[in-house]
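Using the numbering used here, read the sequence shown as starting at 2 and increasing by one per residue. Heads up, the beta-carbon is just placed ideally off N, CA and C, and yes, glycines get one too. Here the structure comes first, spelled out in structure tokens, and everything after it is commentary.
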Amino acid sequence: MNRYIKIIIWVVAIGAVFASIIGGSLWYFWSSNLPYSGTLDEYNPPVITEVYSAEGEVIGRFWKEKRIVLPLEEMPKNLINAFLAAEDGQFYKHKGISITGIIRSVIKNQLAGRKKQGASTITQQVARLLLLKSQEKQYKRKVREIILSFQIEKKYSKEKILFLYLNEIYLGSGAYGVESAARTYFNKGVAELNLAECAMLGGLYQAPTNYSPINNFEKAKIRQKYTLNRMVHDGFITEAERKEALETPIIISKEQENTFDRSPHFTEHVRRYLENRYGRDLLYSGGLKVYTTASLDLQQKAVKALEKGLRELDKREGYRGPMATATPDEYDRVRKEADDIFRKSPPVEGMTVKGIVSEINDDTGEATVLTGNLKCLLAFEGMKWAKAYKPGGAYSPLPKRISDSISQGDVILCRLEKPAQEPFDWTILLDQEPVVQGAIYTLENQTGRVRAMVGGYSFSASQFDRANQARRQPGSVFKSFIYAAALDNGMTPATVILDTAYLSSLNPDDDIWRPKNYKEEFLGPTLFRKGLILSKNVITVKILRQIGIQTTIDYARRMGIESELGHDLSLALGTSGVTLNEITRAYSVFANNGMLVDPYYIEKIENREGIILEENNPSMSQAIPDDIAYMMTDILKGVVMEGTGRRVRELSRPAAGKTGTTNDLKDAWFVGYTPELITGVWVGYDSNVSMGKEETGSRAASPIWLYFMSDALKDRPVQDFVAPKSVVFARIDKDTGLLASPYSKETVFQSFRKGTEPTEYATKPEAPRSGNFSEFDIDFSD
């Protein structure tokens with residue numbers, strides 16, 4: 002018997018040796034090519050790049066993986082414990098794997114006849130997520146995972162492992178890590194989460210898409226209950242706390258991904274810069290902090306002003322007809338679209354939705370419109386603007402009755418006006434989305450900080466940035482550079498120029514060219530200042546011819562105009578395309594006493610470690626003499642007070658500016674400034690068609706400028722422009738430009754470069770010169 006026992010012992014011993022050799026060999030084989038666990042020291046996962054406004058609010062996020070890395074000590078205990086309870090209750094007791102967990106998993110899976118429960122510890126999950134990248138068969142990967150787990154546990158603290166895990170895991174709806182998940186589902190950081198919310202997040206990891214509270218709230222609640230039960234079982238919370246958490250309402254307020262919509266063109270401009278300068282990887286994975294110059298307050302006011310102005314203009318253009326026509330059988334389908342909107346956002350004043358015209362009564366001047374489950378009243382007063390649209394702004398009569406513009410079954414865009422009396426729910430206004438486009442660009446005069454920039458009516462409809470990318474003819478806005486060059490080359494605000502019909506040829510091979518004034522009116526002898534105030538084309542052409550085209554181009558270049566400029570007299574009419582941002586920057590030279598600023602969008606860029614990669618500060622240089630800049634401001638104040646820009650007098654504070662209109666009414670501009678801010682506005686069609694009769698810079702663009710600047714400056718103290726010491730003032734006769742005298746009918750207090758002011762007084766005027774200046778005193782030139 003002893004002999005058999007000895008044999009058995011020897012067999013077991015030999016078997017153990019062989020098993021050890023085989024096991025060791027397998028261990029060596031599987032561990033020989035493992036990733037080095039020490040790489041976890043340099044944990045740098047893809048992280049969100051965030052773009053901030055000047056007020057410190059997020060206006061844009063860019064990511065490959067939507068993740069915000071958070072130190073473990075900034076995570077609440079309830080959140081950490083929720084994940085421990087749901088994923089690894091023995092985390093602080095095991096050394097990388099949980100034997101009891103494996104046994105429990107095997108039993109449950111066998112009883113269920115399928116894989117119902119996993120046995121991976123949090124450490125194993127870290128190994129799998131961060132170190133094992135291959136798609137090996139399950140058993141091989143599992144062994145490698147176990148080996149790595151032992152190595153990780155040996156090298157790192159439990160806190161480090163938790164830090165890696167809670168920042169790395171995917172929790173659904175694009176969110177990686179707990180901080181991003183908290184913002185995604187609850188629109189707040191983890192520090193603000195209550196126990197109920199912590200438990201809901203803790204239950205997501207096993208099937209984040211399936212358990213997402215956005216995708217399936219009921220399943221998320223089941224997982225929340227499971228997590229809370231496990232937290233009680235593991236001693237993290239009491240039964241009373243569990244019950245209270247289950248009764249706590251969960252409000253899913255998905256993080257506002259429309260942060261980008263708060264300043265979309267500005268943010269997209271910054272995004273393009275970042276990608277070009279730093280590359281896609283750093284932009285989308287580097288966790289940059291980008292601090293911009295954008296004032297969110299001014300940005301929102303600019304959007305509001307542009308939308309209002311373009312809607313007004315679009316209605317003047319006419320009604321383009323219904324969005325569609327529906328039969329009574331299709332009413333329910335169309336109404337359901339509005340129902341879906343109302344479920345997300347209850348009806349409020351100003352909301353625009355689709356509606357169906359179900360009844361029209363021309364006798365009462367009312368139509369019934371159905372939208373969602375609402376019955377709305379459309380009165381003729383709310384749609385009397387809806388004349389038939391004619392391309393190019395051709396004449397079309399206003400409607401006299403409702404049926405002139407809409408018909409039963411029309412699917413229309415309507416704007417909710419106010420709650421109505423029975424049998425109606427709301428009164429509405431007929432609306433339509435503008436086709437005409439526009440842009441706003443606002444600089445801080447003395448620094449060059451771009452405070453607001455709107456590149457179009459709707460970023461979602463068109464990402465084209467009309468403030469920076471569109472090169473359009475500036476029309477009369479360009480005249481100011483010609484006048485400034487003339488002042489710097491011997492002319493004065495009191496120089497007299499003959500406003501008459503003018504014939505010329507742009508070059509020797511061209512036919513005769515005859516520039517025209519708007520409405521083809523000619524004033525005869527006219528002061529220099531009045532020529533700009535009234536935006537007289539012929540006077541500007543004559544000034545350009547006198548001082549020289551190249552002199553003007555050089556002057557415009559000094560002031561920041563970089564676009565290609567035509568080398569002929571049509572330059573006086575603004576026929577060379579420019580961008581809104583460059584012409585606004587150039588006008589800031591007048592506001593800045595001749596200093597040219599370098600506009601910038603970004604104050605500072607930091608990487609994820611807080612190291613500054615880029616920092617910008619105000620930069621400027623003297624472009625033109627300060628006295629010339631001030632004299633131009635003085636004249637441009639006259640444009641606002643008595644000229645083509647007089648619509649903006651309502652600003653009720655010192656302001657200077659210039660309208661711009663191309664001869665065919667395809668482009669309308671207004672660039673204006675106060676001592677603090679300069680804002681440029683452009684309006685026109687992307688298709689470059691005419692906006693129609695009367696849609697000048699004064700009518701189409703300056704109201705938008707006024708809406709914005711009135712709102713932007715309403716809480717700021719009133720300031721006036723300060724004249725430099727090289728400027729003197731004289732009261733002059735408005736007709737002759739001489740010093741005012743008792744014979745003067747109208748006078749104006751005008752600035753001059755010292756030594757150029759008039760010295761003679763106006764005398765008794767001769768009999769007024771009569772006649773039509775378009776028919777005589779014609780100035781023929783080569």
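Taking the beta carbon of residue i as the centre, do at least 16 other beta carbons fall within 10 Å, making it buried, or is it exposed?
i      : result
HIS266 : buried
GLN438 : buried
GLU88  : buried
ALA182 : buried
ASP489 : buried
TYR93  : exposed
TYR588 : buried
PRO704 : buried
PRO600 : buried
GLN551 : exposed
PRO329 : exposed
From residue i to residue j, what distance separates their C-alpha atoms?
i      : j      : result
TYR519 : LEU375 : 49 Å
GLU643 : ASP569 : 30 Å
VAL598 : ARG650 : 27 Å
PHE465 : TYR458 : 10 Å
PHE591 : ASP635 : 10 Å
ARG515 : TYR503 : 6 Å
VAL749 : ARG732 : 5 Å
VAL354 : THR372 : 7 Å
PHE781 : GLN547 : For PHE781, the predicted structure reports a pLDDT of 48, less than 50, and the residue's modelled location is therefore unreliable. The matter cannot be settled from this model.
LYS517 : MET324 : 41 Å
PRO725 : MET596 : 13 Å
ALA421 : LEU378 : 8 Å
LEU417 : VAL436 : 21 Å
THR268 : GLU616 : 18 Å
GLY203 : ALA83  : 5 Å
GLN118 : ILE162 : Note that GLN118 scores 49 on pLDDT, short of 50, meaning its location in the model is unreliable; the coordinates nonetheless yield the value given after this. Approximately 22 Å, taken between the alpha carbons.
ARG68  : LEU707 : 42 Å
ARG402 : GLN433 : 19 Å
Opposite residue i in the DSSP bridges: which residues?
i      : result
LYS419 : THR428
SER622 : LEU597
ALA380 : GLU367
MET633 : Answer is none; MET633 lacks a bridge partner.
GLN751 : ALA731
ASP500 : GLY525
VAL48  : GLY287
VAL455 : ILE441
LYS67  : ALA176
ARG473 : VAL579
ILE613 : GLU607
Hey, could you find the ends of the alpha helix (DSSP H) residue i is sitting in?
i      : result
SER688 : First-last for SER688: undefined, no H or E at that position.
LYS244 : 240-248
LEU528 : Looking at the DSSP string, LEU528 is not in any alpha helix (DSSP H); the run it does join, the beta strand (DSSP E), is 525-528.
ALA306 : 297-318
GLU758 : Run containing GLU758: none; DSSP gives neither H nor E here.
PHE343 : 332-345
Rank the options by C-alpha distance to the C-alpha of residue i and give the top, closest one.
i      : options                           : result
SER408 : GLU360, ALA592 and SER564         : GLU360
LEU172 : ILE215, ILE6 and GLY698           : ILE215
THR369 : MET352, GLY410 and ARG450         : GLY410
CYS415 : ALA380, GLY356 and LEU202         : GLY356
PRO743 : PRO725, LYS765 and GLU758         : LYS765
ILE223 : PHE237, GLN207 and GLY280         : GLN207
TYR292 : GLU146, LYS385 and GLU58          : GLU58
ILE49  : ALA713, ALA462, ILE60 and LEU740  : ILE60
GLY97  : LYS156, GLY756, PHE151 and LEU247 : PHE151
PRO718 : PRO655, THR760 and LEU71          : PRO655
LEU130 : TYR44, ALA327 and LYS537          : TYR44
VAL179 : GLU66, GLU423 and LEU714          : GLU66
VAL52  : ILE251, SER174 and TYR285         : TYR285
Can you give me the start and stop residues for the beta strand (DSSP E) that residue i sits inside?
i      : result
GLN438 : 438-445
ASP734 : 728-734
ASN362 : 353-362
PHE63  : 59-63
VAL672 : 668-674
THR662 : 657-662
Does residue i have its Cβ less than 7 Å from a Cβ in chain B?
i      : result
PRO323 : This model lacks chain B altogether, as it is built from one protein chain only.
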